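**Student:** Going by this note's numbering, the sequence shown opens with residue 0, and the numbers climb by one from there. Every residue gets a Cβ at the ideal spot worked out from N, C-alpha and C, and that includes glycine. Quantities reported herein were computed from a predicted structural model and do not represent experimental measurements.
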Amino acid sequence: MPGPGSYLVGEEEIKEVMDVMESGHLFRYGDMDDPDFKHKVYTLEEEFAEYCGTPYAIATSSGSSSLLIPLFAIGSNPGDEVIVPAYTFVASYSTIIFAGFTPVLAEIDESLTLDPKDVEDRITSKTRAIMPVHMLGNPCKMNEILEIAEKHNLVVIEDCCQAAGASYRGKKVGTMGLTGGYSLNVFKTITAGDGGMIITSDKEMYEHMFAIHDQGHTPARTGVQVGERNILGLNFRANEVTGAVALAQLRKIDLIISMLQKKKQKFKELISTGEGFRFRSLNDEAGAIATVCTVIFESKEQADAVCKALGTDTVDHSGWHVYANMEHVLHYFKEIGRPIKQGSFPVTDDILSHSVNISIGVVDGGLGAGWGLNIHSTDEEIEQKAEAFLKACKG
Ligand SMILES: *Cc1c(COP(=O)(O)O)cnc(C)c1O
Numbered sequence: 000m001p002g003p004g005s006y007l008v009g010e011e012e013i014k015e016v017m018d019v020m021e022s023g024h025l026f027r028y029g030d031m032d033d034p035d036f037k038h039k040v041y042t043l044e045e046e047f048a049e050y051c052g053t054p055y056a057i058a059t060s061s062g063s064s065s066l067l068i069p070l071f072a073i074g075s076n077p078g079d080e081v082i083v084p085a086y087t088f089v090a091s092y093s094t095i096i097f098a099g100f101t102p103v104l105a106e107i108d109e110s111l112t113l114d115p116k117d118v119e120d121r122i123t124s125k126t127r128a129i130m131p132v133h134m135l136g137n138p139c140k141m142n143e144i145l146e147i148a149e150k151h152n153l154v155v156i157e158d159c160c161q162a163a164g165a166s167y168r169g170k171k172v173g174t175m176g177l178t179g180g181y182s183l184n185v186f187k188t189i190t191a192g193d194g195g196m197i198i199t200s201d202k203e204m205y206e207h208m209f210a211i212h213d214q215g216h217t218p219a220r221t222g223v224q225v226g227e228r229n230i231l232g233l234n235f236r237a238n239e240v241t242g243a244v245a246l247a248q249l250r251k252i253d254l255i256i257s258m259l260q261k262k263k264q265k266f267k268e269l270i271s272t273g274e275g276f277r278f279r280s281l282n283d284e285a286g287a288i289a290t291v292c293t294v295i296f297e298s299k300e301q302a303d304a305v306c307k308a309l310g311t312d313t314v315d316h317s318g319w320h321v322y323a324n325m326e327h328v329l330h331y332f333k334e335i336g337r338p339i340k341q342g343s344f345p346v347t348d349d350i351l352s353h354s355v356n357i358s359i360g361v362v363d364g365g366l367g368a369g370w371g372l373n374i375h376s377t378d379e380e381i382e383q384k385a386e387a388f389l390k391a392c393k394g
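Below, the structure is given as structure tokens:
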């Protein structure tokens, strides 16, 4: 069961897709004067950039592409390191590795995002970049992270895959670093099944990333620019069908977030009488998108008992997002002679073993958020879930 946008796929998406299908023009490029060219991808890029308050956006094939492309663009020398949290989706690590960098994991804090102090402690002469991950719709402590990056002359590439629509001190995530990468996968805020977006305000970086995403071409091409290219690229393009769905979803994003924020608010109020837990800290209360409600229990025993009663798991057992559960990542670190294992990040381990993710809009067992609400939950259902949670807390 997926993210909130997928629950709201309806007439608007159908209309946009039919527009493309009836024209028969599925490729993202075309002649703007051709009435059969519906330029959904261009429109998506324009509206997404505008929504984020930044000049440039590139539609891509996935969130993974949207992280890989900027990493390719900044270029790696052997041994260059990128600092990334120990709690994130595997793609944060794999893109760093595929782009030729070495990931250096850092601890999270009770916001379940990067602890800036720990980031600074892990900087070496090899560090090139920081990849803050806005986990579970919660923006990172960007002021601190940007300050550290500036002091040490590091690039910041924001992983916004779980945080479309989130903002920090009035700025959309992805606009504070050099680039921000978003995912349109089915488990995210808005979706086209798969797909991604990259944003930046740096023109040179935009053109470089655009070229990497499309065989070395410049934006807005109408033909093949033979003889004019000096950057090697690959194909990470989006097509018009993806663009059409994503466009309809983007136009629902504020509605989605306001629906989730109301439901979360109500749920939090209802369970606030419970004992033995606190809510995860939010680095920007209004800017968080409320896809998940994370509670942190004082005792591990109570966390385990509550999960058992509700049929869910503490976050450390949620599988996909915890470094210690990624056998391929552990294998990689062993191969490069920097082995890590459960216990290597004791602060992260401790927080995650006490934490439970309750779904509000993203219903995803792989995130530990298989239990809770969804975007269609009624007031009555919210009350029932809150009651079940409080009962589980009492034991
Ligand atoms: C989903 C996700 C990605 C990758 O996005 P895809 O569209 O699945 O490639 C990267 N980072 C994080 C934090 C994610 O949640």
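Is any non-hydrogen atom of ligand 1 found closer than 7 Å to the C-beta of Ala245, if you look at the structure I gave you?
**Tutor:** Within the sequence shown, numbered from 1, the residue matching residue 245 stands at position 246. Ala245: no, Cβ never under 7 Å from ligand 1.
**Student:** Identify every run of the alpha helix (DSSP H) within the stretch 283-348, keeping only runs that are complete inside it and at least 4 residues long; order them along the chain.
**Tutor:** 299-309 and 326-334
**Student:** Taking 7 Å as the cut-off, is the C-beta of Phe88 nearer than that to any heavy atom in ligand 1?
**Tutor:** Counted from its first residue, the sequence shown places residue 88 at position 89. Checking the Cβ of Phe88 against ligand 1 gives yes.
**Student:** Would you check if the stretch 86-95 and the stretch 333-343 touch, i.e. whether three or more CB-CB distances between them fall below 8 Å?
**Tutor:** As far as the Cβ criterion goes, the stretch 333-343 does not touch the stretch 86-95, which means the pair count is below three.
**Student:** Measure the CB-CB distance between Ile156 and Gly176 and report whether it falls below 8 Å.
**Tutor:** If you number the sequence shown from 1, residue 156 lands on position 157. If you number the sequence shown from 1, residue 176 lands on position 177. Yes, the pair counts as a contact, with Cβ atoms nearer than the cut-off.
**Student:** Regarding Cys160 and ligand 1, is the C-beta to nearest heavy atom distance less than 7 Å?
**Tutor:** As a first step, residue 160 must be located in the sequence shown, where it is residue number 161. Cys160: yes, Cβ under 7 Å from ligand 1.
**Student:** Quick one: what does DSSP say Tyr50 is sitting in, helix, strand or coil?
**Tutor:** Taking the first residue of the sequence shown as position 1, residue 50 is located at position 51. Helix.
**Student:** Could you tell me whether any non-hydrogen atom of ligand 1 is closer than 7 Å to the CB of Asn356?
**Tutor:** As a working note, residue 356 is residue 357 in the sequence shown. No, ligand 1 has no heavy atom inside 7 Å of this Cβ.
**Student:** In its own chain, which residues sit with a C-beta less than 8 Å from the C-beta of Ile381, not counting the 5 before and 5 after it?
**Tutor:** Taking the sequence shown and counting its residues from 1, the one referred to as residue 381 is at position 382. So the qualifying residues of the chain are Lys262, Lys265, Phe266, Leu269 and Leu372.
**Student:** Given a cut-off of 8 Å, decide if Leu43 and Gly242 are closer than it, judged by their beta-carbon atoms.
**Tutor:** Looking up residue 242 in the sequence shown gives position 243. Looking up residue 43 in the sequence shown gives position 44. Contact flag set, yes.
**Student:** Could you pull out every residue in the same chain whose Cβ sits closer than 7 Å to the Cβ of Phe71, ignoring the five residues on either side in sequence?
**Tutor:** By one-based count along the sequence shown, residue 71 stands at place 72. These residues qualify, in order along the chain: Ala98 and Ile211.
**Student:** Alpha helix (DSSP H) containing Leu104: first to last residue?
**Tutor:** Working through the sequence shown from its first residue, we reach residue 104 at position 105. Element bounds for Leu104: not the alpha helix (DSSP H) but the beta strand (DSSP E), Thr101 to Ala105.
**Student:** Which of helix, strand or coil does DSSP assign to Leu7?
**Tutor:** For the purposes of this step, residue 7 is taken as the residue at position 8 of the sequence shown. Look at Leu7 here: in three-state DSSP terms it is coil, with no helix or strand label.
**Student:** Within 10 Å of its beta-carbon, does Phe100 have 16 or more other beta-carbons around it, so buried, or fewer, so exposed?
**Tutor:** Your numbering for residue 100 matches position 101 in the sequence shown. Sixteen is the threshold: when 16 or more other Cβ atoms of the shown chains lie within 10 Å of the Cβ of Phe100, as they do, the residue is buried.
**Student:** Give the straight-line distance between the Cα atoms of Phe332 and Tyr322, rounded to the nearest whole angstrom.
**Tutor:** Taking the first residue of the sequence shown as 1, we reach residue 332 at position 333. Taking the first residue of the sequence shown as 1, we reach residue 322 at position 323. Tyr322 has its alpha-carbon roughly 11 Å from the corresponding atom of Phe332.
**Student:** Counting pairs of Cβ atoms below 8 Å between the stretch 218-235 and the stretch 284-294, do you hit three or more?
**Tutor:** no
**Student:** So what's Phe388 in DSSP terms, helix, strand or just coil?
**Tutor:** Position 389 of the sequence shown, counted from the first residue, corresponds to residue 388. Helix, per DSSP.
**Student:** Taking its Cβ as the centre, do 16 or more other Cβ atoms sit within 10 Å of Phe413, making it buried, or is it exposed?
**Tutor:** Nothing in the structure corresponds to residue 413, since the chain is present only between 0 and 394.
**Student:** My output table needs one value for Leu233: the three-state DSSP class, helix, strand or coil.
**Tutor:** Translated into positions along the sequence shown, residue 233 becomes position 234. If DSSP states are grouped into helix, strand and coil, Leu233 belongs with coil.
**Student:** Going by beta carbon distance, what residues of the same chain come within less than 8 Å of Lys202, once the five residues before and after it are set aside?
**Tutor:** Stepping through the sequence shown from its first residue, residue 202 is reached at position 203. Hits under 8 Å: Pro54 and Tyr55.
**Student:** Contact defined as beta carbons within less than 8 Å: I believe Asn142 pairs with Ser110. What is the distance between those atoms, to the nearest angstrom?
**Tutor:** Counting from 1 along the sequence shown, the entry for residue 142 is found at position 143. Counting from 1 along the sequence shown, the entry for residue 110 is found at position 111. Not really, about 13 Å apart at Cβ, beyond 8 Å.
**Student:** Is the closest heavy atom of ligand 1 to the C-beta of Gly62 under 7 Å?
**Tutor:** Residue 62 sits at position 63 when you count from the first residue of the sequence shown. The answer is yes for Gly62.
**Student:** Near Ser22, which residues of its chain fall below 6 Å by C-beta distance, leaving aside the five closest residues on each side in sequence?
**Tutor:** The residue you call residue 22 lines up with position 23 of the sequence shown. Here the set comprises Asp35 and Lys37.
**Student:** Alpha carbon to alpha carbon, how far is Glu239 from Asp30? Give it in angstroms, no decimals.
**Tutor:** Position 31 of the sequence shown, counting from 1, holds the residue named residue 30. Position 240 of the sequence shown, counting from 1, holds the residue named residue 239. Distance between the alpha carbons of Asp30 and Glu239: 14 Å.
**Student:** For a quick check, are the C-beta atoms of Gly367 and Val314 less than 8 Å apart?
**Tutor:** One-based indexing of the sequence shown puts residue 367 at position 368. One-based indexing of the sequence shown puts residue 314 at position 315. Yes; because the gap between Cβ atoms is below 8 Å, this pair is in contact.
**Student:** How is Pro34 classed by DSSP in three states: helix, strand or coil?
**Tutor:** One-based indexing of the sequence shown puts residue 34 at position 35. In this structure, Pro34 counts as coil in the three-state DSSP scheme.
**Student:** Where do the N-terminal and C-terminal ends of the beta strand (DSSP E) with Glu157 fall, by residue?
**Tutor:** Mapped onto the sequence shown, residue 157 falls at position 158. For Glu157, the enclosing beta strand (DSSP E) stretches over residues Val154 to Asp158.
**Student:** If you measure from the CB of Ser91, is any heavy atom of ligand 1 nearer than 7 Å?
**Tutor:** Within the sequence shown, numbered from 1, the residue matching residue 91 stands at position 92. Answer for Ser91: yes, Cβ within range of ligand 1.
**Student:** Under the assumption that Gly4 contacts Thr293 (Cβ atoms under 8 Å), give the Cβ distance between them as a whole number of angstroms.
**Tutor:** Residue 4 sits at position 5 when you count from the first residue of the sequence shown. Residue 293 sits at position 294 when you count from the first residue of the sequence shown. Going by Cβ atoms, the distance from Gly4 to Thr293 rounds to 21 Å, so no, they are not a contact pair.
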